[in-house]
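Throughout, this note's numbering is defined as the position within the sequence shown, counted from one, plus 22. A virtual CB, placed ideally from N, CA and C, is assigned to each residue, including glycine. In this text, all values refer to a predicted model and were calculated from it rather than measured experimentally. Report on the following structure.
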Amino acid sequence: VDLSKLRYFYIDEVDAYFINKVDRDQKLAHRRVVEYFENKYKVHVTRLRLNRLRYAVSLWSAMMVDGQMSTRDFSLTLCNRTSYLNGYHELLRKFLFRSTHTLPAIGLVILEAIPNKYNEYFHKLAHKFYDEIQVLLGNNGILFFPTFPQSAPVHGWPVLMNTFDYIYCGIINALGLPSTQCPLGLDSQQLPLGIQCIAARGHDQLTLTVAQEIEQAMGGWVPPSLVALV
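Okay, structure coming up:
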């Protein structure tokens with residue numbers, strides 16, 4: 023793959039409901055990647071604003087159940103297909119530290135109860151969003167996209183503050199697009215930074231080649247410092 027012949031885009035954060043903003047260390051690391059490719063390959067990395075990303079959580083939930091919310095298949099799966107999970111009851115159990123399910127999983131169970139008309143709308147919107155990205159990236163496009171809005175949070179805290187931040191990688195996964203996570207060193211707290219390289223479906227080799235270039239340029243994986251664990 024000739025990296026100088028590719029078209030490059032980047033999104034520095036998702037301006038969506040219930041999603042935290044990307045922090046300063048992540049943005050600076052992402053900017054280094056953009057500047058590296060612009061300087062080495064004499065290309066222009068175009069900043070994107072995709073309006074449909076504003077509804078990323080709704081798009082993800084609709085795609086996860088394939089627009090057929092009334093089947094409550096996910097709720098049934100969480101109970102080993104023996105009964106249906108009551109989302110609101112399980113949410114209460116979560117706040118009482120008695121639930122074994124994650125908040126995103128419980129949230130998806132609750133979303134299954136929303137009327138089909140609402141879910142079908144976002145399912146159709148998700149397919150339009152997929153088509154938009156496919157046309158945008160084509161056969162030679164790469165999208166740099168945050169993997170998470172911050173470095174790794176303390177395990178289990180603050181759960182309520184970043185419940186939907188998984189959507190940075192979740193929406194790409196639900197759309198079925200190839201994505202390779204690239205380490206970008208450590209932040210000011212000595213915790214790992216990273217970025218996703220995304221391509222159109224069927225063009226995994228582009229993300230892998232770009233990821234290898236980023237690994238060589240940025241030093242690859244760096245273990246978190248013990249200082250951050252004290």
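Roughly how many whole angstroms lie between the Cα atoms of D24 and Y63? So the alpha carbons of these two residues sit roughly 10 Å apart.
In this structure, how does DSSP classify F31 when only helix, strand and coil are distinguished? strand
Give the secondary structure of G109 by DSSP, where H, G and I count as helix, E and B as strand, and everything else as coil. helix
Distance check for A239 and L213, CA to CA, integer angstroms please. 19 Å
What distance in whole Å lies between the Cβ atoms of E35 and P168, which are believed to be in contact at a cut-off of 8 Å? Yes, P168 and E35 are in contact; Cβ-Cβ is about 6 Å, under 8 Å.
Put T122 into one of helix, strand or coil per three-state DSSP. coil
Quick check on V67: buried or exposed, where buried means 16 or more other Cβ atoms within 10 Å of its Cβ? Per the 10 Å Cβ criterion, buried.
With which residues is F167 paired in a DSSP beta bridge? Q218
Around the Cβ of S105, are there at least 16 other Cβ atoms within 10 angstroms (buried) or fewer (exposed)? exposed
Measuring CA to CA, which of E237, E134, S80 and L50 is closest to N108? E134
In whole angstroms, what is the alpha-carbon distance linking S92 and L98? Summary for S92: the model assigns pLDDT 44, below 50, so the residue's position carries little reliability; its value from the coordinates is reported in the next sentence. Straight-line Cα distance between these residues: approximately 12 Å.
Can you check whether the C-beta of G109 is within less than 8 Å of a C-beta belonging to chain D? Absence of chain D from the displayed structure is noted, only one protein chain being present.
Are there three or more Cβ pairs, one per stretch, closer than 8 Å when the stretch 219-227 is compared with the stretch 69-77? no
From V252 to D187, what distance separates their C-alpha atoms? Any answer about V252 is weak, because its pLDDT of 46 lies below 50 and its placement is not dependable; what the coordinates show is given next. In a straight line, the C-alpha of V252 is about 26 Å away from that of D187.
Excluding the five sequence neighbours on either side, which residues of its own chain have a C-beta within less than 7 Å of the C-beta of P246, listed in chain order? Correct list, in chain order: L208, Q212, L213 and P214.
Residues that DSSP places opposite P205 in a beta bridge: G216
Assign V176 to buried or exposed, taking buried as 16 or more other Cβ atoms, counted over all protein chains shown, within 10 Å of its Cβ. By the neighbour-count rule (16 or more Cβ atoms within 10 Å), V176 is not buried but exposed.
Counting only the same chain and skipping the five closest in sequence on each side, list residues whose C-beta sits under 7 Å from that of L130. Here the set comprises S83, M86 and F96.
8 Å Cβ cutoff met for G18 and Q203: Because the chain in this structure spans residues 23 to 252, residue 18 falls outside the shown range and cannot be described.
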